[in-house]
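108 is the number that my numbering gives to position 103 of the sequence shown; each next residue is one higher, with no gaps. Think of the CB as a built atom: it goes at the ideal place given N, C-alpha and C, for glycine as much as any other residue. It should be emphasised that the depicted structure is a prediction, and the values quoted were computed from it without experimental measurement.
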Amino acid sequence: MWVRGCARRCPGCIAAPILDDGPALDLLADELVALVLATADEGVTFSGGEPFEQAAALVHAAVALRDAGRSVMVYTGNTLPELRAHPEPAVARLLAATDILVDGPFELAHQADLLWRGSSNQRIHLLSSRYPGASGPVDLPGVGVEVRVDDTGHLFWAGVPPAGFVAGLRQAAQERGIRLADSNGVWA
Ligand code: SF4
6 MWVRGCARRC PGCIAAPILD DGPALDLLAD ELVALVLATA DEGVTFSGGE PFEQAAALVH
66 AAVALRDAGR SVMVYTGNTL PELRAHPEPA VARLLAATDI LVDGPFELAH QADLLWRGSS
126 NQRIHLLSSR YPGASGPVDL PGVGVEVRVD DTGHLFWAGV PPAGFVAGLR QAAQERGIRL
186 ADSNGVWA
């Protein structure tokens, strides 16, 4: 789940088209929960944008999904100590409902192909005991990007892409006579 809005403007941020506030797709928390329960067996990943700028809304969904047996992973441009010191109660509640936190902003100067991360300053924090096996392989390289096209012609991608991925995808599609159009603030 990509959420819109992030006050930071990190050079090279892959989410640059969705850093401005304002909903492209306005979902109630209950609708978000229903969507995840209908489409994901394992859980949800909140990235952005900055999920903690919408902590009060997302914590409702995160708690409901955890209660339903799903896991919650969150990307944030803040560090874990910054979040733990944050005065807003919803931030602490969202942290408490998070199984895996990937913290720190993307830093172009430290770009790297690492598991679940785009730059080496980012850290993986296991905030629950749900994935004990994940504590070992955090220095593994990235697992690539998953690209899917559904039967309506919509293209989706997920993962932490290498530098130039979106531009390369556009060019490769163009060379094959395929035009990729933005939709709902999501881009391809
Ligand atoms: S904190 Fe993350 S989402 Fe926000 S601008 Fe930086 S890299 Fe992008």
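Excluding five sequence positions before and after Gly147, the CB atoms of its chain that fall closer than 7 Å to its own CB belong to Asp118, Leu119, Leu120 and Val165, given in chain order. Using a Cβ distance threshold of 9 Å, Ala60 and Ala95 count as a contacting pair. Under the three-pair Cβ rule at 8 Å, the region 39–47 does not count as touching the region 100–115. Within the chosen limit of 8 Å, the ligand SF4 does not reach the beta carbon of Tyr136 with any heavy atom.
Taking every protein chain shown into account, the CB of Glu58 has 16 or more other CB atoms within 10 angstroms, so this residue is buried.
If you draw a straight line from the Cα of Gly10 to the Cα of Met78, it is about 18 Å long. Distance from the CA atom of Ile19 to the CA atom of Leu85, rounded to whole angstroms, is 21 Å. Using a Cβ distance threshold of 9 Å, Tyr80 and Ser52 count as a contacting pair. CA-to-CA, the gap between Gln179 and Glu55 works out to about 31 Å. In the DSSP assignment, Asp72 falls within the alpha helix (DSSP H) that extends over Ala60 to Asp72.
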